[in-house]
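Student:
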Amino acid sequence: MKKLLLGIGLLLAVFTLSACHRHTLARGELEPIPSFDPPEAPPKIALVLGGGGSKGLAHVGVIRELEEAGIHPDLIVGCSAGALIGALYADDPDIDRLEELLLNLKRKDLLDFSLFSSRFGVVKGNSLKAFLQENLHAHSFDGLKIPLVVVATDLHTGELLELGAGPLVPALCASSAVPGVFKPVSYLGRFLVDGGAIDPVPVRVAKKYGAQVIIAVDVGERLSDTEIVHFFGIVKRGLEISYRQLSKEAAREADILLQMNFQGFGMFSDEQNLEIYEQGRAKARELLPRIEQIISERVTDYTEDHAPRWLLFK
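In terms of mature numbering (1 follows the signal peptide of the UniProt record, and there is no 0), the sequence shown is residues -19 to -1, 1 to 295.
#1: Name the one or two DSSP bridge partners that residue 167 has.
#2: Can you grab the Cα-Cα spacing for the pair residue 177 / residue 60, in whole Å?
#3: Could you give the distance in angstroms between the alpha-carbon of residue 120 and the alpha-carbon of residue 270?
#4: What's the call for residue 267, buried or exposed, on a 16-neighbour Cβ count within 10 Å?
#5: Distance check for residue 108 and residue 90, CA to CA, integer angstroms please.
#6: Could you tell me the boundaries of the alpha helix (DSSP H) in which residue 146 lies?
#7: Relative to the C-alpha of residue 88, which residue among 10, 58, 38 and 55 is closest?
#8: According to DSSP, is residue 42 helix, strand or coil?
#9: Should residue 46 go down as buried or exposed, given a rule of 16 or more other Cβ atoms within 10 Å for buried?
#10: Nearest to residue 149 by alpha carbon, out of 49, 112, 51 and 29?
#11: So residue 65 and residue 254 are in contact, right, with Cβ under 8 Å, and what is the actual spacing, rounded?
#12: Taking the CB atoms as reference points, tell me whether residue 141 and residue 134 lie closer together than 9 Å.
#13: Which of helix, strand or coil does DSSP assign to residue 27?
#14: Suppose the cutoff is 7 Å on Cβ atoms and the five residues either side in sequence are ignored; what does the same chain contact list for residue 114 look like?
#15: Should residue 261 and residue 184 be called a contact, given that it needs their Cβ atoms to be closer than 9 Å?
#16: Mind checking who residue 121 pairs with in its DSSP beta bridge?
#17: State the Cα-Cα distance for the pair residue 32 and residue 181, rounded to the nearest angstrom.
#18: Who are the Cβ neighbours of residue -12 in its own chain at under 6 Å, not counting the five residues just before and after it?
#19: From the DSSP output, which residues share a beta bridge with residue 199?
#20: Sorry if obvious, but does the Cβ on residue 179 come closer than 8 Å to a heavy atom of the ligand MG?
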């Protein structure tokens, strides 16, 4: 009942905003999207981190297990929550710092809800922007220690954009701007939203750059088995079906897919951070023998002498 009342309140707020505001998302003068400049040699190991809100903390657990096994990606591709975590790790590949920063994170640290601030979203996005500015050393993609590409969706054309060059924080905010929740992000004359609207687990991007081994992490929630009792349940089920189909199509091209199959975790909940993280670790441990086998078969020179360049500067 509590969730139903909250949903009704949000819907009434949306109707009110629609009636009171006359602003539109008019496109500005389009500027070229900066192109990602891939390394000369194809990446040995690409880590693809999918979207999923707070469930993205499973990515941190996966990275911990990979690090302890001596597996270091030299390309990270992220969507939404995966873009944020991928960027923080690419900026400072220190798993201890990443865990300390994210496992105690509270919803209020990232989400500034304001029902009447805009007709285009109930979260302004200022808190997320401030968090990233405070915790990222790099201001642009070329300042990262590990190459990173994140995906976002052009709200007008429906095009999936690959962002891997230029200013870092606006691209991350765009990749994680869940439609209807966050305000769309204005970026070079375009309005961008979450890349998960098209490709929640962007394996194809890693494949495009010739990665020898692609490890993909899908933290999306499986279809709920709860009884549908109101129209919000129908909307939620529709979104679940869409996400599962999109992620299934995308992730099948990965060499290794770590699929969490979460259920019952809120998109923006902060009450189960440690449990989500531990599930990520457990899934990575489960598949680690297979991951190591594929790496040994395809990346014959993957030794400490050929570790990613960023390790030389740790």
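For every residue, glycine included, the Cβ atom is placed at its ideal position computed from N, Cα and C.
Tutor: To lay it out plainly:
#1: Counted from its first residue, the sequence shown places residue 167 at position 186. 172.
#2: By 1-based counting over the sequence shown, the position of residue 177 is 196. By 1-based counting over the sequence shown, the position of residue 60 is 79. The straight-line gap from Cα to Cα measures roughly 6 Å.
#3: Translated into positions along the sequence shown, residue 120 becomes position 139. Translated into positions along the sequence shown, residue 270 becomes position 289. Going by the C-alpha atoms only, they are around 37 Å apart.
#4: Counting from one through the sequence shown, the residue named residue 267 turns up at place 286. By the 10 Å Cβ count, residue 267 comes out exposed.
#5: To locate residue 90, count along the sequence shown from 1; it is residue 109. To locate residue 108, count along the sequence shown from 1; it is residue 127. Residue 90 and residue 108: Cα-Cα distance of roughly 6 Å.
#6: Translated into the one-based positions of the sequence shown, residue 146 becomes position 165. Neither: residue 146 is in no alpha helix (DSSP H) and is coded neither H nor E.
#7: Counting from 1 along the sequence shown, the entry for residue 88 is found at position 107. Closest by alpha carbon: 38.
#8: Here the question's residue 42 lines up with position 61 in the sequence shown. Of the three classes helix, strand and coil, the one that applies to residue 42 here is helix, per DSSP.
#9: Here residue 46 corresponds to residue number 65 of the sequence shown, with the count starting at 1. Buried.
#10: As a working mapping, residue 149 is identified with position 168 in the sequence shown. The candidate whose alpha carbon is nearest that of residue 149 is 112.
#11: Along the sequence shown, read from residue 1 onward, the residue named residue 65 stands at position 84. Along the sequence shown, read from residue 1 onward, the residue named residue 254 stands at position 273. The pair is not a contact, with the Cβ atoms about 14 Å apart (cut-off 8 Å).
#12: As a first step, residue 141 is located in the sequence shown; it is residue number 160 there, counting from the start. As a first step, residue 134 is located in the sequence shown; it is residue number 153 there, counting from the start. It is a contact, given that the beta carbons lie within the stated cut-off.
#13: The count along the sequence shown starts at 1 and reaches residue 27 at position 46. If DSSP states are grouped into helix, strand and coil, residue 27 belongs with the strands.
#14: On the sequence shown, position 133 is the one that residue 114 refers to. Hits under 7 Å: 150.
#15: Taking the first residue of the sequence shown as position 1, residue 261 is located at position 280. Taking the first residue of the sequence shown as position 1, residue 184 is located at position 203. Contact: no.
#16: Here residue 121 corresponds to residue number 140 of the sequence shown, with the count starting at 1. 148.
#17: Taking the sequence shown and counting its residues from 1, one reaches residue 32 at position 51. Taking the sequence shown and counting its residues from 1, one reaches residue 181 at position 200. Spanning the two alpha carbons is a distance of roughly 6 Å.
#18: As a working mapping, residue -12 is identified with position 8 in the sequence shown. Note on residue -12: pLDDT 43, under 50, position unreliable in the model; no value is reported.
#19: Sequence index remark: in the sequence shown, residue 199 carries index 218 (1-based). According to DSSP, which records beta bridges pairwise, residue 199 is partnered with 240.
#20: In the structure on display, the ligand MG does not appear, and there are no ligands present to speak of.
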